[in-house]
Structure formats: structure tokens, C-alpha cells
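Novice:
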Amino acid sequence: MKVSSIDWRRILVEELSEKPRYEPDWKRPSRRTMAVSTRIARQRGWPVVIPLYHPSRYKCVYEKPRIAIVFDISGAINKDFYKMHIEDLNDCIKHVEPEGLWILHCDYEVRYEEYCRQPGVMRIDLPKEIPSSKGPSAYTSIFKYIKEHKCEKPVRSIVYLTDLRPTEPWNALDRELLTLFHQIRAKKLLWLVPSDVTKGNFWKPCIGKIIWI
Numbered sequence: 000m001k002v003s004s005i006d007w008r009r010i011l012v013e014e015l016s017e018k019p020r021y022e023p024d025w026k027r028p029s030r031r032t033m034a035v036s037t038r039i040a041r042q043r044g045w046p047v048v049i050p051l052y053h054p055s056r057y058k059c060v061y062e063k064p065r066i067a068i069v070f071d072i073s074g075a076i077n078k079d080f081y082k083m084h085i086e087d088l089n090d091c092i093k094h095v096e097p098e099g100l101w102i103l104h105c106d107y108e109v110r111y112e113e114y115c116r117q118p119g120v121m122r123i124d125l126p127k128e129i130p131s132s133k134g135p136s137a138y139t140s141i142f143k144y145i146k147e148h149k150c151e152k153p154v155r156s157i158v159y160l161t162d163l164r165p166t167e168p169w170n171a172l173d174r175e176l177l178t179l180f181h182q183i184r185a186k187k188l189l190w191l192v193p194s195d196v197t198k199g200n201f202w203k204p205c206i207g208k209i210i211w212i
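Read in numbering that gives the first Met the number 0, the sequence shown has 118 at position 119, and its numbers run on one by one without any break.
(1) Could you tell me which residues DSSP puts in a beta bridge with HIS104?
(2) Nearest CA to the CA of ILE76: which residue from GLU167, VAL192, GLN42?
(3) My output table needs one value for ILE210: the three-state DSSP class, helix, strand or coil.
(4) Kindly indicate the opening and closing residues of the beta strand (DSSP E) around VAL158.
(5) Less than 8 Å between the beta carbons of TYR114 and GLY99, yes or no?
(6) Can you confirm whether the stretch 134-154 touches the stretch 176-191 when touching is taken to mean that 3 or more C-beta pairs between the two stretches lie within less than 8 Å?
(7) From PRO168 to LEU11, what distance separates their C-alpha atoms?
(8) Rank HIS84, TYR138, PRO97, THR161 by C-alpha distance to the C-alpha of GLU108 and give the top, closest one.
(9) Consult DSSP for ARG65 and reduce its assignment to one of helix, strand or coil.
(10) Could you give the DSSP three-state label for TRP202: helix, strand or coil?
(11) Express the C-alpha separation of ALA67 and ILE157 in angstroms, rounding to a whole number.
(12) For LYS78, collect the residues of the same chain with a Cβ closer than 8 Å to its Cβ; drop the 5 residues on either side in sequence, then sort them by chain order.
(13) In terms of alpha-carbon separation, which member of PHE201, TRP101, ILE141 lies closest to GLU175?
(14) For ASN170, tell me which candidate among TRP190, CYS205, PHE180 has the shortest Cα-Cα distance.
(15) Once the 5 residues before and after THR161 are set aside, which same chain residues still bring their CB inside 6 Å of it?
(16) From the DSSP output, in three-state form, read off LYS82 for me.
(17) May I ask which residues mark the beginning and end of the beta strand (DSSP E) holding LEU188?
(18) Expressed to the nearest angstrom, what Euclidean distance is found between the alpha-carbon atoms of THR37 and ASP90?
(19) Under the rule that 16 or more other beta-carbon atoms within 10 Å means buried, what is SER4, buried or exposed?
(20) In the DSSP assignment, find the unbroken alpha helix (DSSP H) run with ARG31 in it and report its ends.
(21) Taking the C-alpha atoms as reference points, what is the distance between PRO46 and ILE39?
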């Protein structure tokens, strides 16, 4: 588990932004290039070698991020806190420019979901149904839901806004969460948590990175 205390918006953008990678380029050499090489070899008396298909070069590949953002609506985080930071969160998403954005609301089960694919409509709205006091909450529910309701392409990053105080048994949660996360095949798990949570006891997740707001 990693913990961060730097500006949460910058960290979130850095964590969610995908990095370009380089893959072998199996593109067939042009016929003109092969013909010129063959002619030069014959002129100089060199043996003509049949070109092999191998990655003689590498191409840069970039995939836009696919993100799931989960709001804990058990009352763990009050509506005023969400209202204070929702625009910053939208700015981060706008900067990252994801390919897909999956928005989920959950307490001990999923209450709402929305999937956005078009860049112009990728906006996160405030959760409407948040109780004034904390009720039951379970983290395994959302990971089971993501596993069972897969999108066309699996999400690469999951952002969970919560207080790290689920009402399900913490020891059992550690064991089950590891298995569920690997089954989802996501690459990153980010816990977005209010900084005042540190004043009391809270669950230390066995996987993912905590970003304090």
C-alpha cells in the first residue's frame, strides 16, 4: 500500500494518464525497398537473401485510459465534501481524456451506474442519494459488480472515493479484494480519501494507492 500527501489533483492525473509503449512493427517491407536491395546485391555480386519477416523497428503505441470512478454513498463522505471537490475531479478527467468512463455509486451494493464514451459528455455529477449519517458499506460488492458486468474493454484504473471504514470484516476484505482485483484485470487501484480520516482508525488496504484529499 502506498500513501501520498502531495496535491491530489496532480497525482490523480499522473496516475490515470497512460504512458506510450513500444511494440514490434511487423509491417511488411515495401516492394520497392526489396527490389532496390535485390538489384544492388546482384550488381555487386552478393548473394540475394530472401527478406525475413522480423521486427526491424518498433512503433509507438498509445491507448487512452479506461477508468471506473466509484462514489461511496453510504454516508461515509457527506454531500458537502463531494460538492467541494466535484469540479476538481471533472477537471482531472478532462485533462486525462479517457476512452471510457464508468461512474458507479455504491454503499453495500451498487445503486447507480453510467458509462460515458463520448469525450464531450464525460462529466461527473454529484451523487443525489447520500444519507446524513453513515450506513453499512461493503467494498467487495463493487469489485464483484465490475467483474460480472464487463465493458467491451476492461477498465485499466479504478478510483474509489471513500473513508476506508467499510462495515464488512477487514481481514476477510483483504483476502477477497486481492482475488477480485486480479480477476478484473485492472492495472491500478486508487483510493481517494478525505484527509481527516487519518485522525481515527481506518482500514489499510492491502492493494492500491491512497491519495489524500
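Cβ coordinates follow ideal geometry from the N, Cα and C atoms, glycine included.
Specialist: From the atom records:
(1) If you number the sequence shown from 1, residue 104 lands on position 105. Note: HIS104 sits in a beta bridge opposite PHE70, TYR111.
(2) On the sequence shown, position 77 is the one that residue 76 refers to. Minimum Cα distance to ILE76 is reached at VAL192.
(3) Walking along the sequence shown from the start, residue 210 turns up at place 211. ILE210: strand per DSSP, three-state reduction.
(4) For the purposes of this step, residue 158 is identified with residue 159 of the sequence shown, where counting begins at 1. Residues 156-160.
(5) Here the question's residue 114 lines up with position 115 in the sequence shown. Here the question's residue 99 lines up with position 100 in the sequence shown. Yes, the Cβ-Cβ distance between TYR114 and GLY99 is below 8 Å.
(6) yes
(7) As a working mapping, residue 168 is identified with position 169 in the sequence shown. As a working mapping, residue 11 is identified with position 12 in the sequence shown. Between the C-alpha atoms of PRO168 and LEU11 there is a straight-line separation of about 28 Å.
(8) Walking along the sequence shown from the start, residue 108 turns up at place 109. The residue with the shortest Cα to Cα distance from GLU108 is TYR138.
(9) Here residue 65 corresponds to residue number 66 of the sequence shown, with the count starting at 1. Looking at ARG65 - three-state DSSP - the assignment turns out to be strand.
(10) Along the sequence shown, one-based indexing puts residue 202 at 203. Residue state, collapsed to three classes: coil.
(11) If you number the sequence shown from 1, residue 157 lands on position 158. If you number the sequence shown from 1, residue 67 lands on position 68. Between ILE157 and ALA67, the C-alpha separation is close to 5 Å.
(12) Along the sequence shown, one-based indexing puts residue 78 at 79. The residues are LEU125, PRO126, ILE129.
(13) Translated into the one-based positions of the sequence shown, residue 175 becomes position 176. Taking the Cα of GLU175 as reference, the smallest distance to any Cα among PHE201, TRP101, ILE141 is reached at ILE141.
(14) For the purposes of this step, residue 170 is taken as residue 171 along the sequence shown, with counting starting at 1. Of the listed residues, the one whose Cα sits closest to ASN170 is CYS205.
(15) The sequence position of residue 161 within the sequence shown is 162, counting from 1. Excluding residues within five positions, the ones whose Cβ falls inside 6 Å are ASP71, ALA75.
(16) Walking along the sequence shown from the start, residue 82 turns up at place 83. Looking at LYS82 - three-state DSSP - the assignment turns out to be helix.
(17) Mapped onto the sequence shown, residue 188 falls at position 189. Secondary structure note for LEU188: its beta strand (DSSP E) is the uninterrupted segment 187-192.
(18) What you label residue 37 is simply residue 38 of the sequence shown in a count that begins at 1. What you label residue 90 is simply residue 91 of the sequence shown in a count that begins at 1. Spanning the two alpha carbons is a distance of roughly 56 Å.
(19) Along the sequence shown, read from residue 1 onward, the residue named residue 4 stands at position 5. Caution applies to SER4, whose pLDDT of 48 falls short of 50 and renders its modelled position unreliable; the model cannot decide the point.
(20) Start at 1 with the first residue of the sequence shown, and residue 31 comes out as number 32. 30-42 is the extent of the alpha helix (DSSP H) around ARG31.
(21) One-based indexing of the sequence shown puts residue 46 at position 47. One-based indexing of the sequence shown puts residue 39 at position 40. C-alpha separation (whole angstroms): 10 Å.
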